[in-house]
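Going by the working numbering, the residue at position 20 of the sequence shown is 821; the numbering climbs one at a time, nothing skipped.
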Amino acid sequence: MPKQEMTQVITNAHTYLIIGERKKSLDIMESLCKTFPNDKKLAETYKKIQTLDVEKESI
Numbered sequence: 802m803p804k805q806e807m808t809q810v811i812t813n814a815h816t817y818l819i820i821g822e823r824k825k826s827l828d829i830m831e832s833l834c835k836t837f838p839n840d841k842k843l844a845e846t847y848k849k850i851q852t853l854d855v856e857k858e859s860i
């Protein structure tokens, strides 16, 4: 997957999280992590999304 395409998928996951679709966001990131298990940056992003509380974060 080209880097630009992966970036767009991650952006979509963040968008789902922000609009309250946490499960969809986590499903997207989990799928990416399974597809690219050696991508450490992707794994870090997934962990951040898992622990992010959108309601407490200021945008």
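Using N, Cα and C, we set each Cβ at its ideal position, and we do this for glycine too.
Quick check on residue i: buried or exposed, where buried means 16 or more other Cβ atoms within 10 Å of its Cβ?
i: Met802; result: exposed
i: Ile811; result: buried
In three-state terms, what does DSSP make of residue i?
i: Met830; result: helix
i: Ile751; result: Any answer about residue 751 is impossible in this case: the structure gives the chain only from 802 up to 860.
i: Asn839; result: coil
i: Met807; result: helix
Look at residue i and residue j and say whether their C-beta atoms are less than 7 Å apart.
i: Ser832; j: Ala814; result: no
i: Met830; j: Tyr817; result: no
Measure the C-alpha to C-alpha separation of residue i and residue j and round it to an integer number of angstroms.
i: Thr808; j: Pro838; result: 16 Å
i: Asp854; j: Lys835; result: 23 Å
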